[in-house]
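Residue numbers (the working numbering): 18 to 363.
Backbone N, C-alpha and C fix where the C-beta goes; we use that ideal spot for every residue, glycine too.
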Amino acid sequence: MLTDYAIVPPGETRKAEIQAAIDIKTKPPGSLGRIEELALSIASVQSGDRPSADPARLFIFAGDHGMTAEGVSAWPSEVTTQMVLNFLAGGAAANVFARTNAIAITVVDAGVIGDLPDHPDLVRADIRKGTANAMREDALSADEVARALAFGAELAARAADEGARTILLGEMGIGNTSSAALLAHAIEGIDLETLTGPGAGLDRDGVNRKLEILKKIAARRPGRLSPEDALAAFGGLEIACMAGAHIGAASRGAIVLVDGFIATAAALCALRARPEAAGHTVYSHRSMEPGHRAILTALGARPLLDLDLRLGEGTGSLLAFPLLRNACAMLNDMATFESAGVSGKE
Numbered sequence: 018m019l020t021d022y023a024i025v026p027p028g029e030t031r032k033a034e035i036q037a038a039i040d041i042k043t044k045p046p047g048s049l050g051r052i053e054e055l056a057l058s059i060a061s062v063q064s065g066d067r068p069s070a071d072p073a074r075l076f077i078f079a080g081d082h083g084m085t086a087e088g089v090s091a092w093p094s095e096v097t098t099q100m101v102l103n104f105l106a107g108g109a110a111a112n113v114f115a116r117t118n119a120i121a122i123t124v125v126d127a128g129v130i131g132d133l134p135d136h137p138d139l140v141r142a143d144i145r146k147g148t149a150n151a152m153r154e155d156a157l158s159a160d161e162v163a164r165a166l167a168f169g170a171e172l173a174a175r176a177a178d179e180g181a182r183t184i185l186l187g188e189m190g191i192g193n194t195s196s197a198a199l200l201a202h203a204i205e206g207i208d209l210e211t212l213t214g215p216g217a218g219l220d221r222d223g224v225n226r227k228l229e230i231l232k233k234i235a236a237r238r239p240g241r242l243s244p245e246d247a248l249a250a251f252g253g254l255e256i257a258c259m260a261g262a263h264i265g266a267a268s269r270g271a272i273v274l275v276d277g278f279i280a281t282a283a284a285l286c287a288l289r290a291r292p293e294a295a296g297h298t299v300y301s302h303r304s305m306e307p308g309h310r311a312i313l314t315a316l317g318a319r320p321l322l323d324l325d326l327r328l329g330e331g332t333g334s335l336l337a338f339p340l341l342r343n344a345c346a347m348l349n350d351m352a353t354f355e356s357a358g359v360s361g362k363e
């Protein structure tokens, strides 16, 4: 997957040097817990002596799913278009949190069915409008998957080349919890009972109906699949673009801050194909969507927050981002025992 985007894992010598710099700060070793781990992760993939999480950019990838015709969501597909318009107008939760944190947003029409106006914050993949209905045929062709991956990779790589140190990944797409569940099932072998949840508001009966539908869809392409084949079988375009963006950002030495269930399914696609990107990856939070915990466990991931979130849009990444800023500040600005004249541990 995107083998022309070379990713350099953090070197052990570099990591040891940074850990030594953290350990001589005026605190007992390890006493800042995950903040120390974050500082080590960020500084290890960056060059120079002063790591930074800024500037940062959030990409919200939006796409529609043909399988919504089967009744997997409580919401109609046109809500995807309506929410993209809300992002562009600045009215969504992601906009509010991004403004609070001074983070730029780019909205990506990865495959929205509805018509969208030109806007300075909108970019278009121009691959297709929505995926096919995966109940009856593959959601995407192999060529469409390759184009979506390449589009996302180029978008994130260009942002990093222009100075972004952190790439936040979010999404919007009615029906995409179903695609995410099917992808994790096909790639990782996690059972659909574990992965299937309420998405954007299904009740218990709705979840049971959704599970039966997903079992039928999965039966059309049984067995374990590669990330590319799984994306072709089950979609969606926004997930493929996110997987590509993950790889593109990592290839430029940026930190990838992953959002919730859908974004983590995209990370699963990216990391099972390109495991060397793991050192560039930070997981922002644990979603209320039940399948999220299963994918995080499969990836060996420890998310930063657990706030009962289940919105998407990159909201969890935006809320976690200040922790990255503070981790860098600790490494850059906190006094050492020597500089502060404080006696070290005997």
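Test item: CB-CB of residue i and residue j under 7 Å
i: MET189; j: GLU87; result: no
i: ALA247; j: ILE264; result: no
i: ALA266; j: VAL273; result: yes
i: PHE251; j: SER196; result: yes
i: PRO320; j: ARG289; result: no
i: GLY261; j: ALA127; result: no
i: GLY187; j: GLU330; result: yes
i: THR148; j: GLY83; result: yes
Beta strand (DSSP E) segment containing residue i, residue limits
i: MET189; result: 183 to 189
Residues bridged to residue i [DSSP beta-bridge criterion]
i: VAL299; result: LEU274
i: GLY80; result: GLY128
i: VAL140; result: VAL125
i: ALA73; result: THR183
i: LEU335; result: DSSP lists no partner for LEU335.
i: THR353; result: LYS42
i: PHE322; result: In the sequence under discussion, the amino acid at residue 322 is Leu, which differs from the Phe named in the question. For LEU322, which the question treats as bridged, DSSP gives the partners HIS302.
Presumed contact (8 Å Cβ cut-off) between residue i and residue j, rounded CB distance
i: TYR300; j: THR314; result: So it is not a contact: roughly 11 Å between Cβ atoms.
i: LEU73; j: LEU348; result: The identity of residue 73 in the sequence shown is Ala, whereas the question assumes Leu. At roughly 17 Å, the Cβ-Cβ gap does not stay under 8 Å, so ALA73 and LEU348 are not in contact.
i: ASN193; j: ILE256; result: 7 Å
i: MET259; j: PHE114; result: About 18 Å; that fails the 8 Å criterion.
i: HIS302; j: LEU324; result: 6 Å
i: ILE24; j: GLU293; result: 5 Å
Inter-residue Cα distance where the pair is residue i and residue j
i: ILE59; j: ASP71; result: 11 Å
i: ALA295; j: ARG164; result: 23 Å
i: THR98; j: ARG241; result: 33 Å
i: PRO93; j: ALA346; result: 44 Å
i: ALA400; j: GLU161; result: Residue 400 lies beyond the stretch modelled for the chain, which goes from 18 to 363, so this question has no answer here.
i: LEU335; j: ASP155; result: 33 Å
i: SER360; j: ALA33; result: 23 Å
i: ALA203; j: ILE230; result: 15 Å
i: LEU212; j: THR353; result: 46 Å
i: GLY80; j: ALA119; result: 26 Å
i: ILE35; j: PRO45; result: 16 Å
i: VAL101; j: ALA198; result: 23 Å
i: ARG221; j: SER48; result: 43 Å
i: PRO26; j: ALA176; result: 20 Å
i: ALA142; j: ILE207; result: 31 Å
i: SER158; j: ARG145; result: 11 Å
i: PRO339; j: ALA236; result: 43 Å
i: GLY358; j: LEU75; result: 41 Å
Opening and closing residue of the alpha helix (DSSP H) in which residue i lies
i: ARG51; result: 50 to 62
i: ILE312; result: 307 to 316
i: ILE35; result: 29 to 40
i: GLU95; result: 95 to 106
i: SER268; result: 254 to 268
i: GLY195; result: A small fix is needed here, since residue 195 is Ser in this sequence, not Gly. Its alpha helix (DSSP H) spans residues 193 to 205.
i: THR213; result: Here THR213 belongs to no alpha helix (DSSP H), and DSSP marks it neither H nor E.
i: GLY223; result: 221 to 237
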